[in-house]
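These protein sequence lines are chains Z and D, in that order.
The first sequence begins at 1 in full-length UniProt numbering and counts up by one.
The second sequence begins at 1 in full-length UniProt numbering and counts up by one.
By construction, the Cβ of each residue, glycine as well, lies at the ideal position given by its N, Cα and C atoms.
Input: a single structure, listed below in structure tokens.
There are 2 protein chains.
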Amino acid sequence: MTTPPKIHRPDELTFEVVDLIGAVVARYHAEYEEAAAEHTLTGAQARLLSLLSLEPLPMRKLAQRLRCEPSNVTGIVDRLESRGLVERRPDPADRRVKLAAATEEGRQVARSLRESLRFAREPLAGLSEDERLALRDLLRRMLAD
Amino acid sequence: MTTPPKIHRPDELTFEVVDLIGAVVARYHAEYEEAAAEHTLTGAQARLLSLLSLEPLPMRKLAQRLRCEPSNVTGIVDRLESRGLVERRPDPADRRVKLAAATEEGRQVARSLRESLRFAREPLAGLSEDERLALRDLLRRMLAD
DNA sequence: TATTGTTATACTCTATAACTATA
DNA sequence: TATAGTTATAGAGTATAACAATA
């Protein structure tokens, strides 16, 4: 009989946490798409509109934030613009640049979208305030880089 | 001076946690797609293959797990099957049903995919074991329903 | 009749490459 | 020449509706 080799695997606990996060991701994603659909938006449109509800951005910057190619942004902004939720403005400083900006209606939709995200109610409601605080701090540390 | 009104809004802290989870979701999603791409898989293909690496499933059940329409599953399984990662088997108990199952190669790819998910290393590595334990328990409670 | 899986269709998202207008 | 945005193209995911085989 040989003693079992002491393999240093990437950590059982870490894998378990990763799986749990995977489950949270799946649920969040599903509920985000649902909330978007209730506003007749796709997920990508909802994400872009939410970004623009904070501040106008050049098309290029939008692509970076959405982690996609600039050519995609053209179509998504096109669809939102045709619905009057977003508009393109010239950049006075550089005539090559177009600034995408949410319209007043766009900002309203973004606000409504944010509030209709069920995720805030169901899964988080089960936690006490202390637990939510603890969760907040752990998530902050995770994302701190 | 009037005392500040005691408005009971949907909870500032909860919104903050939801935003943090949104950030985690975005990062997890991006890194999952990246890991899938390294194996020449799309995200949807990777998710389906991961499900099948645990157990064979009827097409219908796969659609439910992936939260999409059954008609979509046909195409995703087609593409995985043409690469020899998945196969369709008859269900002895019900001849209408087709069981999708990962091949040996498919299970290997699923294992490699799981291990290549950077997410386990970078963001979680910053947490101590105690913190990972605390995070695990909080996530479990969140998902408990 | 109801259910399983598929096909047909249309739309959106996606990356790549080529184009235009500015810089 | 380099950059910002667009267009063209092709592949993949998605939902809807209609269909064949089986229950």
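How big is the Cα-Cα spacing for residue i and residue j?
i, j, result
"D/R65", "Z/V109", "30 Å"
"D/L133", "D/Q45", "31 Å"
"Z/L143", "D/L20", "8 Å"
"Z/L113", "Z/V77", "18 Å"
"Z/A93", "Z/G75", "24 Å"
"residue 146 of chain D", "D/L85", "Because chain D spans 1 through 145 in this model, residue 146 of chain D falls outside it and cannot be assessed."
"D/S128", "Z/L138", "10 Å"
"Z/L124", "D/P90", "42 Å"
"D/G106", "D/R67", "22 Å"
"D/L49", "D/A102", "7 Å"
"D/E104", "Z/E104", "55 Å"
"Z/Y32", "D/E33", "18 Å"
"Z/L54", "Z/R47", "12 Å"
"D/R140", "Z/G126", "11 Å"
"Z/R136", "D/V24", "12 Å"
"D/G18", "Z/R111", "According to the sequence provided, residue 18 of chain D is Val. The question's Gly does not apply to it. Their Cα atoms are separated by approximately 14 Å."
"D/H29", "D/R79", "22 Å"
"Z/E131", "D/D130", "15 Å"
Taking 8 Å as the limit between beta carbons, can you name the residues of its chain near residue i, skipping five residues before and five after?
i, result
"Z/A63", "E69, P70, N72, V73"
"D/R27", "F119, P123"
"Z/L51", "L57, L62, R65, L66"
Quick one: what's got a C-beta closer than 7 Å to residue i's C-beta in the same chain, skipping five residues either side?
i, result
"Z/S116", "A35, E38"
"D/E81", "E87, R88"
"Z/L42", "The question names Leu, yet the displayed sequence has Thr at residue 42 of chain Z. Excluding residues within five positions, the ones whose Cβ falls inside 7 Å are A36."
"Z/G22", "none"
List the DSSP bridge partners of residue i.
i, result
"D/R89", "D/L99"
"Z/P58", "Z/L99"
Beta-carbon within less than 6 Å of residue i's beta-carbon, same chain only, minus the 5 sequence neighbours each way: which residues are those?
i, result
"Z/R83", "none"
"Z/H8", "The pLDDT assigned to Z/H8 is 39, lower than 50, so where the model puts this residue is not dependable; a value taken from the coordinates is nonetheless given after this. Excluding sequence neighbours, Z/H8 sits near nothing in its chain."
State whether the stretch 52-65 of chain D contacts the stretch 93-113 of chain D, with contact taken as three or more CB pairs (one from each stretch) at a distance under 8 Å. Taking 8 Å as the limit for Cβ pairs, the verdict is that the stretch 93-113 of chain D does touch the stretch 52-65 of chain D.
Where the stretch 80-106 of chain Z meets chain D: residues whose CB sits under 7 Å from a CB there: Against chain D - using a Cβ distance shorter than 7 Å - the stretch 80-106 of chain Z contributes no residues.
Evaluate contact between the stretch 11-20 of chain D and the stretch 104-121 of chain Z, counting only Cβ atoms and requiring at least three cross-stretch pairs below 8 Å. Judged by pairs of C-beta atoms under 8 Å, the stretch 11-20 of chain D touches the stretch 104-121 of chain Z, as three or more such pairs exist.
Using a Cβ cut-off of 7 Å, which residues of the stretch 29-52 of chain Z contact any Cβ in chain D, in chain order? Within the stretch 29-52 of chain Z, the residues whose Cβ lies closer than 7 Å to any Cβ of chain D are, in chain order, H29, A30.
Which residues, taken in chain order from the stretch 107-125 of chain Z, show a beta carbon closer than 9 Å to some beta carbon of chain D? Those residues of the stretch 107-125 of chain Z that come within reach of chain D (Cβ to Cβ, closer than 9 Å) are R114, E115, L117, F119, A120, R121, E122, P123, L124, A125.
Quick one: which residues of the stretch 63-76 of chain D get their C-beta closer than 9 Å to a C-beta of chain Z? List them in chain order. Under the 9 Å Cβ criterion, the stretch 63-76 of chain D contributes R67.
Where the stretch 129-141 of chain Z meets chain D: residues whose CB sits under 8 Å from a CB there: Under the 8 Å Cβ criterion, the stretch 129-141 of chain Z contributes E129, E131, R132, L133, A134, L135, R136, L138, L139, R140, R141.
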